[in-house]
Each structure stands twice: as structure tokens, then as C-alpha cells.
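Participant:
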Amino acid sequence: MLKNYIKIAWKVLLRRKFFTFISLFGISFTLLVLMVASSLFDHTFGPQMPERETDKLLFVNIMREQRDGGFSSSGPPSYRFLDQHVRTMQTPEMVSINSMFFQVNSYINNRKLALDIKYTDRAFWDILEFNFLEGNGFSEQDVRGANRVAVINENTRKQYFGTDKAVGQHIVVDQVRYKVVGVVEDVPALRLHSYADVWVPITMKSQEFSRPGLRGTYFATIKARSAADVPKIKEEYAGIMQEVERQQTEKGTTLSSHPDTFLESIARTFLSNGKDSGIGILYVIMTVLALLFMLLPTINLVNINISRIMERSSEIGVRKAFGATSSTIIGQFIIENIFLTLLGGLLGFVLSAGVLWLINDSGVIVYANLGLNIRVFAFGLLLCLVFGLISGVYPAYKMSRLNAVEALKGGSK
Amino acid sequence: MITLKNIEKVYQTKTIETVALHNVNLHIPKGEFVSVMGPSGCGKSTLLNIMGLLDEPTNGIVEIDGNPISRYRDKELAHIRNQKIGFVFQSYHLINDLSVLDNVELPLLYRSGTSAAETRRLALTALEKVGLSARTKHYPTQLSGGQRQRVAIARALIGQPEIILADEPTGNLDSVMGEEIMNILLDLNRQDGTTIVMVTHDENMAQKTERLIRFFDGQQVSDAKTNAYDYQKV
Chain A
1 MLKNYIKIAW KVLLRRKFFT FISLFGISFT LLVLMVASSL FDHTFGPQMP
51 ERETDKLLFV NIMREQRDGG FSSSGPPSYR FLDQHVRTMQ TPEMVSINSM
101 FFQVNSYINN RKLALDIKYT DRAFWDILEF NFLEGNGFSE QDVRGANRVA
151 VINENTRKQY FGTDKAVGQH IVVDQVRYKV VGVVEDVPAL RLHSYADVWV
201 PITMKSQEFS RPGLRGTYFA TIKARSAADV PKIKEEYAGI MQEVERQQTE
251 KGTTLSSHPD TFLESIARTF LSNGKDSGIG ILYVIMTVLA LLFMLLPTIN
301 LVNINISRIM ERSSEIGVRK AFGATSSTII GQFIIENIFL TLLGGLLGFV
351 LSAGVLWLIN DSGVIVYANL GLNIRVFAFG LLLCLVFGLI SGVYPAYKMS
401 RLNAVEALKG GSK
Chain B
1 MITLKNIEKV YQTKTIETVA LHNVNLHIPK GEFVSVMGPS GCGKSTLLNI
51 MGLLDEPTNG IVEIDGNPIS RYRDKELAHI RNQKIGFVFQ SYHLINDLSV
101 LDNVELPLLY RSGTSAAETR RLALTALEKV GLSARTKHYP TQLSGGQRQR
151 VAIARALIGQ PEIILADEPT GNLDSVMGEE IMNILLDLNR QDGTTIVMVT
201 HDENMAQKTE RLIRFFDGQQ VSDAKTNAYD YQKV
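For the protein sequence lines, the chains are A and B, in the order given.
For the first sequence, the UniProt record's numbering gives the first residue as 1, with consecutive numbering after it.
For the second sequence, the UniProt record's numbering gives the first residue as 1, with consecutive numbering after it.
Structure representation (C-alpha cells):
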């Protein structure tokens with residue numbers, strides 16, 4: 001039966017080429033936009049190098065201080081706060097303290113090269129899973145001794161050394177000479193907590209370690225033993241924050257800081273209302289936006305489907321005369337429509353692959369490596385099915401209600 | 001086989017009420033070949049649609065094999081149509097996007113328990129019966145009117161229905177083609193014992209059947225065995 005439906009769906013598509021073009025264009029363009037968006041989303045928040053175990057990773061990147069007068073300020077926490085209160089947490093498996101990235105200059109043969117540098121500890125290399133092309137991350141000894149060693153990314157290696165090996169060679173960044181100990185694959189700039197061109201020991205900034213205050217320029221990257229431990233870590237952290245708040249000398253100061261996944265931290269920045277990160281609202285907003293975006297092409301497809309199916313009222317009459325029930329007819333048209341949307345989806349995949357390649361190639365997003373992985377593919381497939389169902393159900397239902405005699409009268413000869 | 005009791009069919013619009021059938025009482029026994037004649041608009045096709053469970057009477061009872069059909073749901077009606085009834089239409093109503101073979105297989109798609117191979121075999125047998133074995137891969141638009149009607153007959157008989165309802169099956173055909181189609185229907189009735197009810201405008205065709213019912217303004221005005229009927233039923 002399915003073969004029969006697919007056969008006829010294919011013939012119908014070929015019969016009205018212009019309608020088919022409009023339908024397929026609408027579907028594939030809609031899916032293209034949604035798939036590029038989902039690829040970007042996955043690229044930024046999904047489990048990708050070097051943050052592969054996203055379900056176990058939490059980041060502390062904001063400390064908000066609110067005073068009684070209503071004055072509030074926020075920014076990354078200080079090293080001292082993270083070192084005293086976060087590094088000493090009991091529940092996590094590992095905690096790394098690392099700086100934000102800073103843009104610094106380097107010169108190669110009198111050519112200026114703008115590089116992003118990040119100061120990290122040893123745990124940073126243990127928690128995150130970088131793809132090392134050469135060497136390794138710097139050691140605990142390197143960090144303790146504030147050794148002038150650096151891990152660089154592939155692009156920096158190319159700029160400095162062309163196709164030569166980099167480990168063992170030296171680079172001068174921000175007027176400091178570092179020995180290269182490792183080279184990693186480029187990390188996309190959207191991975192704010194891991195990204196840099198050059199990573200050097202955090203002890204190079206030791207003069208900042210004892211600086212008082214809660215806010216500074218540092219992040220904490222926390223790895224849980226298991227995903228189930230994440231709520232416990234949050235609980236422990238909340239307890240720490242209560243204690244820190246209590247110790248504040250300036251009375252009436254309210255502190256707000258949370259260990260969040262990257263997505264939670266984005267939601268908290270824009271949508272939070274207190275303790276809740278607002279991630280639920282963020283998901284609702286994203287779903288509504290996706291549905292709204294799909295609404296117009298869906299209405300368009302519904303209309304095209306109705307006129308397509310109207311042409312086939314004779315066929316509906318014949319099928320009913322020979323034993324098809326209304327639900328069988330609905331099933332047939334939904335299958336046909338899903339076939340059409342899957343075709344559109346396939347086209348959308350090809351187009352998305354092209355657009356993603358263009359985005360990667362253009363350098364709009366530094367070191368972007370957007371792709372159609374299995375998660376994006378599954379999401380696209382789901383979108384196709386949802387799209388096919390919602391645009392097929394109404395016309396199919398409408399047509400299945402046709403009285404067989406009327407359907408036969410209305411049919412072509 | 002089919003019994004109609006006090007059948008009335010009224011088409012109602014906002015402004016007008018049209019009585020298509022009035023007080024129709026009929027019994028068609030198993031294996032009979034009946035023709036129905038009458039001027040256009042006298043209710044012949046409505047009668048056939050009601051017999052074929054494609055349309056509901058406004059009043060009255062339809063019985064198939066002694067079972068009253070009223071209050072049957074869509075699924076049950078579809079099941080009876082699929083199992084017991086085959087339709088042949090004046091304008092063939094073949095699906096132009098499907099090949100001859102796929103068109104003929106259509107009724108069996110809605111019958112569970114028939115394998116694809118068995119369906120194919122039955123379709124080929126049905127096409128052989130109507131003399132179209134050589135056209136299985138053609139599409140309806142590649143066939144003549146007579147050939148299309150033969151495909152439609154093959155489609156009607158693939159499920160081996162007990163009843164075939166034919167609405168002016170020769171109406172769109174020239175006399176030679178019409179004769180061919182009529183012979184196929186006569187063979188079906190004689191050899192397989194299929195009950196056939198045929199609406200026709202053609203007196204000659206009607207006289208070849210076993211019984212002729214005449215309609216006028218929605219009422220049956222005569223119902224008699226035909227004179228020319230000289231069947232030798234097997």
C-alpha cells in the first residue's frame with residue numbers, strides 16, 4: 001500500500017511542476033533556516049570539542065552584586081573568590097580556574113598579529129577535551145613555576161611556523177617569549193569558556209591573585225563526576241554563596257552567582273527572575289519562534305495541498321467506492337505529504353550543508369566549524385515530520401469527509 | 001442478495017427539495033443480471049449509489065444478504081463495499097497516475113491478508129479475463145475508451161465481489177466497444193454467477209439482461225423479465 005501511495009505521490013509531484021517547485025522551495029527554505037539555526041545552536045551549546053561532556057560541565061562566569069540602594073554591578077568573578085570558594089568545593093570531580101580571553105598583539109616579521117590569549121591552570125586541560133595536534137597541555141609544574149610555556153591553536157601555528165612543527169619553538173606574545181608545548185585544533189570563538197589562540201599558565205598573572213573583591217576577570221570550569229551530581233554541585237555552590245554573602249562587610253549586599261551550563265548562563269543573563277535560570281522560558285521562546293517561522297510556509301503548503309487534493313476528488317471517490325475508509329484516505333494524504341516534506345527536507349539538507357560551508361569559509365564566526373552532525377540531522381528529520389504532519393492533516397481531513405458520490409462527480413474523467 | 005424497502009431519497013437545498021427516489025421496493029436475487037432504464041434525472045444513478053452503499057437513503061431500508069445496513073459506520077460500509085461490491089462507472093474513473101496493473105490492484109489494497117504477490121497474480125488474472133494482459137504497464141491515458149472500461153471491469157472483479165454495479169458502462173463507447181463490454185459483463189454473470197445491476201440508456205443492451213426495471217420521476221414504473229433473455233447459465 002505504501003508503495004502505491006509513494007508512486008502516486010511522485011506522479012502528482014511531476015504533474016504540477018510549478019506547484020511542486022513552490023512547495024519544495026517553501027519547505028526546503030524553511031528547513032534550511034531552521035537547520036542552520038540548529039547547527040549554530042549545537043555548535044555553541046552542544047557537546048562538541050573541547051566541551052564534549054556538556055551534561056557534566058558547569059561554568060561560573062558571573063558575579064552580581066546588588067546593594068540596598070538599588071545599585072548593582074556584575075561581571076566575571078575574581079581569582080581570589082574562585083580560588084578560596086570554588087576550587088575547594090567537595091562535590092565536583094575537578095575545578096579549573098581560567099581567565100577570560102584578552103586580545104594581545106604579536107609580531108611576526110614586522111607583521112602584526114592580533115591573538116586572543118587565555119590564562120589557565122592544569123585542570124583546564126584535564127577537564128576539557130582538546131584535540132592535540134602536537135604535544136600536550138602544560139603541566140602542574142609549569143603552572144606552579146609560572147613557566148613561560150604556551151599551547152597554541154592550529155591557526156597560530158600556521159601564522160608563525162607555516163607547515164613546520166611548533167612544539168619546542170618559541171613565540172613572542174604581548175612581549176613575553178613562550179616556548180610552545182602543544183598545538184590544538186582551532187576552537188570556535190562561540191565556545192567562550194574554552195576559546196583562545198594561545199593558552200598560557202595562569203600564574204603568569206599571579207599579581208592579580210591576591211586582589212580583593214569578588215569581581216575580576218576569571219571563570220571557573222567545573223566538571224561533575226556524573227550528570228546526576230550537577231544538582232548537588234549547584235546546591236553546594238548555593239550554600240557557599242549564602243556564606244559569602246553573610247560575610248560581606250557592607251550590609252544589605254545581595255550576591256548572585258551560579259554554576260550554570262553555557263545555555264543556562266545565557267538564559268540567566270536575559271530571562272532570569274531570581275533563582276531560576278530561565279532556561280525553561282528560553283526553550284519555550286525558541287520553540288514558539290521555530291513554530292512561528294514554520295507557520296507561514298505551513299499555511300502556504302496547506303493551501304497548495306487543498307488545491308492539489310481537490311483535483312483528485314475523483315480518486316478519493318474511487319478509493320472510497322472500493323473500500324477505503326475516511327481514515328485510510330487521511331493516512332494516504334499524510335504519507336504523501338510527509339514524502340513531499342522529506343524530499344524538501346533532503347533539499348534543505350543539501351542547501352544547509354552549502355550555507356554552513358559558506359559560513360565556515362567566510363570567517364564570520366572565528367574558527368567556526370558548523371556542520372550537519374547526527375543531532376542536527378535528527379532535529380531536521382523531526383522538523384520535516386512535524387511540518388509534513390501539520391500541513392497534511394487538515395487538507396487530508398477535509399478531503400476525507402467528501403461524500404463518495406460528490407467526489408466521483410467532481411472528478412476528472 | 002440486495003433488497004430495498006420503501007426507499008426514498010430527497011435532496012434538500014435551502015430553497016428547493018428534489019425527490020430523487022420515491023417508495024422504491026426491489027429485490028435482486030443472487031446471480032441475477034438486472035438492467036435499470038429511464039430518462040435522465042429519473043433516479044437511476046441514485047438508486048445504484050444507494051445499492052452500492054455510496055449514498056444513504058432519506059428513508060427506507062437497504063439489506064445486503066438479509067442484513068439491514070442502516071446505522072453502519074464508515075468503516076463497516078467500506079468493508080462491505082470492499083468485500084461484496086464492485087463498481088463500473090460510465091466515465092471509468094481510473095487513476096491516471098497509476099499504471100493499468102496498479103489500478104486493477106486498488107480494491108485489494110484495502111483488503112487485509114492478501115500478499116503483494118497474490119494481489120499481482122489476481123490482477124493479472126482479472127486483466128486476462130478482460131483481454132488486456134498486454135497492457136499492464138500502460139497508463140489509462142494511453143488506452144482507448146473501450147480498453148479503459150475493460151480495465152475498470154478488471155478492477156471491479158479482482159476482489160471477486162458478489163455484486164457488480166455498473167452505471168452506464170457503455171455510455172461513452174461506440175456500439176462495437178459497447179458490445180464488447182456487454183459481452184464481458186454477460187460472461188461474468190453466466191460463468192461466475194456474479195449479480196449485476198446495470199444502469200443503461202441503451203434498450204438493446206438492456207434486452208440482453210435477465211430483468212429490466214424502468215424508472216420515471218424517481219419511481220419504478222415497470223419490472224419484468226426481458227423477452228430476449230436466453231441465458232444458458234453454467
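Every residue, glycine too, gets a C-beta built ideally from N, C-alpha and C.
1. What are the boundary residues of the alpha helix (DSSP H) that includes Thr269/A?
2. Among the residues of its own chain, which have a CB less than 8 Å from the CB of Gln90/A, if the five just before and after it don't count?
3. Do Thr58/B and Lys9/B have their beta-carbon atoms positioned less than 7 Å apart in this structure?
4. Using beta carbons (cut-off 7 Å, strictly below), is Met1/A in contact with chain B?
5. Over the uninterrupted alpha helix (DSSP H) stretch that includes Phe377/A, give me the two end residues.
6. Leaving out the 5 sequence neighbours to the left and right, which residues in its chain are closer than 8 Å to Thr249/A when beta-carbon positions are compared?
7. If you drop the 5 nearest sequence neighbours on each side, which residues of the same chain put their C-beta closer than 7 Å to that of Ile316/A?
8. In three-state terms, what does DSSP make of Thr325/A?
9. Could you spell out where the beta strand (DSSP E) holding Lys179/A opens and where it closes?
10. In terms of alpha-carbon separation, which member of Glu63/B, Ala152/B and Asn172/B lies closest to residue 235/B?
11. Kindly indicate if chain B contains any beta-carbon less than 7 Å away from that of Thr163/A.
12. Got a sec, what are the start and stop residues for the alpha helix (DSSP H) Thr91/A sits in?
13. Report the residue from Ser265/A, Leu214/A, Ala224/A and Thr261/A whose alpha carbon sits nearest the alpha carbon of Met241/A.
14. If you measure from the beta carbon of Ala404/A to each beta carbon in chain B, is any gap under 7 Å?
15. Between the UniProt domain "ABC3 transporter permease C-terminal" (288 to 403) of chain A and chain B, which residues of the former have a C-beta closer than 9 Å to a C-beta of the latter?
16. Does DSSP put Lys137/B in a helix, in a strand, or in coil?
17. Between Phe89/B and Thr209/B, is the Cβ-Cβ spacing less than 7 Å?
18. Please report whether the beta-carbon of His138/B lies at a distance below 7 Å from any beta-carbon of chain A.
19. How would you label Leu2/A, buried or exposed, when you count the other beta carbons within 10 angstroms and need 16 or more for buried?
20. Counting C-beta neighbours from all protein chains within 10 Å, is the total for Asp142/A 16 or more, i.e. buried, or is it exposed?
21. Straight-line CA distance for Gly218/B to Asn172/B?
22. Between Leu40/A and Gly380/A, which are expected to be in contact by the criterion C-beta below 8 Å, what is the C-beta distance as a whole number of angstroms?
23. Using a C-beta to C-beta distance shorter than 8 Å, which residues of chain A count as neighbours of Arg111/B?
24. Quick one: using the 10 Å Cβ neighbour count with 16 as the cut-off for buried, is Asp83/A buried or exposed?
25. Where Leu128/A and Glu51/A are concerned, what is the direct C-alpha to C-alpha distance, given to the nearest angstrom?
26. Kindly indicate the opening and closing residues of the alpha helix (DSSP H) around Ser29/A.
27. From Asn373/A, Thr325/A, Phe101/A and Ala146/A, pick the residue whose C-alpha is nearest to that of Tyr72/B; which is it?
28. In the DSSP assignment, what residue or residues form a beta bridge with Ile117/A?
29. How many angstroms separate the CA atom of Ser362/A from the CA atom of Gly371/A?
30. Between the Cα of Pro39/B and those of Glu76/B, Pro161/B and Glu203/B, spot the shortest distance and give me the residue it belongs to.
31. Report the rounded CA-to-CA distance for Gly131/B versus Arg211/B, giving the unit in angstroms.
32. Spatial neighbours of Gln147/B within its chain, please: C-beta separation below 8 Å, excluding the five flanking residues on both sides.
33. At a CB distance below 8 Å, what residues from the stretch 49 to 68 of chain B approach chain A? Give them in sequence order.
34. In the DSSP assignment, find the unbroken alpha helix (DSSP H) run with residue 240/B in it and report its ends.
35. Which whole-angstrom value describes the C-beta separation of Val180/A and Ala150/A, a residue pair presumed to lie in contact below a C-beta threshold of 8 Å?
36. Any Cβ of chain B within less than 7 Å of the Cβ of Lys17/A?
Facilitator: Checking against the coordinates, here is how it stands:
1. Indexing the first sequence from 1 puts residue 269/A at position 269. Unbroken alpha helix (DSSP H) run through Thr269/A: Phe262 to Leu271.
2. Locating residue 90/A in the first sequence gives position 90, where the first residue counts as 1. Once the five neighbours on either side are set aside, the close Cβ partners of Gln90/A are Glu236.
3. Along the second sequence, one-based indexing puts residue 9/B at 9. Along the second sequence, one-based indexing puts residue 58/B at 58. For the pair Lys9/B and Thr58/B, the CB atoms are nearer than the 7 Å cut-off.
4. Stepping through the first sequence from its first residue, residue 1/A is reached at position 1. Chain B, which has a Cβ nearer than 7 Å to the Cβ of Met1/A, makes this yes.
5. Translated into positions along the first sequence, residue 377/A becomes position 377. It spans Ile374 to Ser400 - the alpha helix (DSSP H) in which Phe377/A sits, taken as one unbroken run.
6. Counting from 1 along the first sequence, the entry for residue 249/A is found at position 249. Excluding sequence neighbours, Thr249/A sits near nothing in its chain.
7. Locating residue 316/A in the first sequence gives position 316, counting from the first residue. Correct list, in chain order: Ile329, Met399, Leu402 and Ala407.
8. One-based indexing of the first sequence puts residue 325/A at position 325. Coil.
9. As a first step, residue 179/A must be located in the first sequence, where it is residue number 179. From DSSP, the beta strand (DSSP E) with Lys179/A extends over Val176 to Val184.
10. Since the first residue of chain B shown is 1 and the last is 234, residue 235/B is not available in this structure.
11. For this step, residue 163/A is matched to residue 163 along the first sequence. No, no contact with chain B.
12. Position 91 of the first sequence, counted from the first residue, corresponds to residue 91/A. Note, Thr91/A: premise wrong, no alpha helix (DSSP H); not H, not E.
13. Here residue 241/A corresponds to residue number 241 of the first sequence, with the count starting at 1. If we check each option's Cα against that of Met241/A, Leu214/A comes out closest.
14. Taking the first sequence and counting its residues from 1, one reaches residue 404/A at position 404. Judged by the 7 Å Cβ criterion, Ala404/A is in contact with chain B.
15. Listed in chain order, the positions of the UniProt domain "ABC3 transporter permease C-terminal" (288 to 403) of chain A with a beta carbon within less than 9 Å of a beta carbon of chain B are Arg312, Ser314, Glu315, Gly317, Val318, Arg319, Lys320, Ala321, Phe322, Gly323, Ala324, Thr325, Ser326, Ser327, Thr328 and Asn403.
16. Here residue 137/B refers to the residue found at position 137 when the second sequence is read from its first residue. Here Lys137/B sits in coil by DSSP.
17. Walking along the second sequence from the start, residue 89/B turns up at place 89. Walking along the second sequence from the start, residue 209/B turns up at place 209. Not in contact: Phe89/B and Thr209/B (Cβ atoms no closer than 7 Å).
18. Residue numbering aside, residue 138/B sits at position 138 when the second sequence is read from its first letter. It does not: the Cβ of His138/B has no partner Cβ on chain A nearer than 7 Å.
19. Numbered from 1 along the first sequence, position 2 holds the residue referred to as residue 2/A. Counting other Cβ atoms within 10 Å of its Cβ, Leu2/A stays below 16 and is therefore classed as exposed.
20. Locating residue 142/A in the first sequence gives position 142, where the first residue counts as 1. With 16 or more other Cβ atoms within 10 Å, it is buried.
21. In the second sequence, the residue the question calls residue 218/B occupies position 218. In the second sequence, the residue the question calls residue 172/B occupies position 172. Roughly 24 Å between the two C-alpha positions.
22. For the purposes of this step, residue 40/A is identified with residue 40 of the first sequence, where counting begins at 1. For the purposes of this step, residue 380/A is identified with residue 380 of the first sequence, where counting begins at 1. Wrong, their Cβ atoms sit about 13 Å apart, outside the cutoff.
23. For the purposes of this step, residue 111/B is identified with residue 111 of the second sequence, where counting begins at 1. Gly323, listed in chain order.
24. Position 83 of the first sequence, counting from 1, holds the residue named residue 83/A. Burial call: buried.
25. To locate residue 128/A, count along the first sequence from 1; it is residue 128. To locate residue 51/A, count along the first sequence from 1; it is residue 51. Distance between the alpha carbons of Leu128/A and Glu51/A: 6 Å.
26. Residue 29/A sits at position 29 when you count from the first residue of the first sequence. Just to set this straight, residue 29/A is Phe in the shown sequence, not Ser. Lys17 to Phe45 is the span of the alpha helix (DSSP H), which, as asked, contains Phe29/A.
27. In the second sequence, counting from the first residue as 1, residue 72/B sits at position 72. Measuring from the Cα of Tyr72/B, the nearest candidate turns out to be Thr325/A.
28. Residue numbering aside, residue 117/A sits at position 117 when the first sequence is read from its first letter. Phe102/A and Val198/A.
29. As a working note, residue 362/A is residue 362 in the first sequence. As a working note, residue 371/A is residue 371 in the first sequence. So the two alpha carbons sit approximately 14 Å from each other.
30. For the purposes of this step, residue 39/B is taken as the residue at position 39 of the second sequence. Across the set Glu76/B, Pro161/B and Glu203/B, the C-alpha of Glu203/B shows the shortest separation from the C-alpha of Pro39/B.
31. One-based indexing of the second sequence puts residue 131/B at position 131. One-based indexing of the second sequence puts residue 211/B at position 211. Each residue's alpha carbon lies about 27 Å from the other.
32. As a first step, residue 147/B must be located in the second sequence, where it is residue number 147. Taken in chain order, the residues that qualify are Leu132 and Arg135.
33. Cβ contacts with chain A come from Asn49, Gly52, Leu54 and Asp55.
34. Residue 240/B lies beyond the range of chain B shown here (1 to 234); nothing can be said about it.
35. For the purposes of this step, residue 180/A is taken as residue 180 along the first sequence, with counting starting at 1. For the purposes of this step, residue 150/A is taken as residue 150 along the first sequence, with counting starting at 1. The beta-carbon distance between Val180/A and Ala150/A, rounded to whole angstroms, is 6 Å. This is short enough to meet the 8 Å contact definition.
36. Taking the first sequence and counting its residues from 1, the one referred to as residue 17/A is at position 17. Not an interface residue.
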